[in-house]
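**Student:** Got a structure here, written out as structure tokens. Questions coming.
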Amino acid sequence: MQILSCEHLTKMYKHRKQEVRAVDSISFEINRGEIVGLLGPNGAGKTTTIKCLCRLINPTAGKIMIDGKDVVRYPHFAFEKVAAVLEGNRNVYWRMSTIENLKLFAGLQGYSYKQVRNRIDELIGVFGLNDKINTEARFLSRGMQQKLAIACALIKNTDILLLDEPTLGLDVEMTHEVRNLLKQKISDEGKTILLSSHNMGVVEDVCQRVIIINHGKIVADEEITKIKEFFQVNTYTFEVEGEINQGIKEEFTQKFLGVKFSTDKTETHITVDLKDSMKIYEVLDILKQRNMKLLSIQNIEPDFEDIYLKLVRHEK
Ligand SMILES: Nc1ncnc2c1ncn2[C@@H]1O[C@H](COP(=O)(O)OP(=O)(O)OP(=O)(O)O)[C@@H](O)[C@H]1O
Ligand SMILES: [Mg+2]
13 MQILSCEHLT KMYKHRKQEV RAVDSISFEI NRGEIVGLLG PNGAGKTTTI KCLCRLINPT
73 AGKIMIDGKD VVRYPHFAFE KVAAVLEGNR NVYWRMSTIE NLKLFAGLQG YSYKQVRNRI
133 DELIGVFGLN DKINTEARFL SRGMQQKLAI ACALIKNTDI LLLDEPTLGL DVEMTHEVRN
193 LLKQKISDEG KTILLSSHNM GVVEDVCQRV IIINHGKIVA DEEITKIKEF FQVNTYTFEV
253 EGEINQGIKE EFTQKFLGVK FSTDKTETHI TVDLKDSMKI YEVLDILKQR NMKLLSIQNI
313 EPDFEDIYLK LVRHEK
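Under the numbering used here, the first residue of the sequence shown is numbered 13, with each subsequent residue one higher.
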């Protein structure tokens, strides 16, 4: 069931008398319990989208529905239902300690310390902040501030979490922990999460679906497995003995896509994109007819990062 949606969401900024269309009529729906990645290059409009959804800023146009309520007209409903961690390090109060921040964010949501005490202890443990309970946020490292910001969002215990670059500034181990924590939140508590990230590993691991935006517009909104299937072009490299002549090169270029040649002293590598792996036999036939000696065949599978780059560069 749908819990968060926007329709023709648009945000224009005015900057030095010039108008910037940061988000350009985007529409999507997110179901309860879904974990969705928001991807796009720098300046694509990810942060602006997230700020509109949590109603930190007013959209210029469009509709945002959260749990059946129109939050463009009734922003307070978004504050109740959504917790957000925005990019940068200003998500927590700098002159308050770790524990004071956690108590404050729980309090803002109407929870007494008694009600959330165990949960605060659990989060402090999970994020490894035990030594820093009484340290003011401004004296925490960048990564620790980020951990505290995520902990403060989680303590609010809302159904929806919006996370803008949650693993930025975290070390490898902590990135791994945050990944697991997010996955666990979904299965244990059925939270709905929209997270932006430039870390493809995190998105591929944590999200089932991705929305890719570029220049404020959606260029893809699909399950990751489907996107990968759609782009499942198998690239093969055939290593053959010696150099190959112009005639063979032309035959390959005419018959196949993505053909590249590279010649070493004693062998040539022919790289081709084959939509269907049965097409390997066509390549082998050509090599046989032309009396080329095949040394090896290598299959290079596309990864999610390659696919993402193709999408934002409009290659498909
Ligand atoms: N307060 C602002 N005033 C004017 N223009 C802005 C403002 N905030 C963002 N923009 C512009 O809006 C566009 C989208 O910015 P946004 O921060 O949403 O991108 P992003 O996808 O989050 O990028 P990044 O990956 O770098 O975080 C950019 O062109 C940016 O320069
Ligand atoms: Mg951003």
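Note that the Cβ used here is the ideal one computed from N, Cα and C, for glycine as well.
1) Is DSSP giving C64 helix, strand or coil here?
2) Look at M108 and E148 and say whether their C-beta atoms are less than 8 angstroms apart.
3) Going along the chain, which residues of its own chain have a beta-carbon closer than 8 angstroms to the beta-carbon of L307, five neighbours each way excluded?
4) What would DSSP say about A56, mapped onto helix, strand or coil?
5) For I172, which residues does DSSP report across the bridge?
6) Could you check whether the Cβ of N103 sits closer than 7 angstroms to any heavy atom belonging to ligand 1?
7) Give the secondary structure of L269 by DSSP, where H, G and I count as helix, E and B as strand, and everything else as coil.
8) With a threshold of 16 other CB atoms inside 10 Å of the CB of S289, please say whether the residue is buried or exposed.
9) Nearest-angstrom Cα distance between H188 and T237?
10) With distances taken between CB atoms, is the gap from L207 to L50 smaller than 8 angstroms?
11) Check N70 in the structure and name its three-state DSSP category.
12) Among V48, E263, I239, which residue has its Cα nearest to the Cα of K322?
13) What number of angstroms, rounded off, separates the C-alpha of V215 from the C-alpha of K267?
14) Would you mind reading off the limits of the beta strand (DSSP E) that contains C18?
15) What number of angstroms, rounded off, separates the C-alpha of G228 from the C-alpha of K261?
16) In chain order, what are the residues with a CB under 6 angstroms from some non-hydrogen atom of ligand 1?
**Tutor:** Based on what the coordinates show:
1) helix
2) yes
3) E251, V252, E253, E279
4) coil
5) V94, T204
6) no
7) strand
8) exposed
9) 21 angstroms
10) yes
11) coil
12) I239
13) 36 angstroms
14) 14 to 27
15) 42 angstroms
16) Y25, H27, V32, A34, G52, N54, G55, A56, G57, K58, T59, T60, E99
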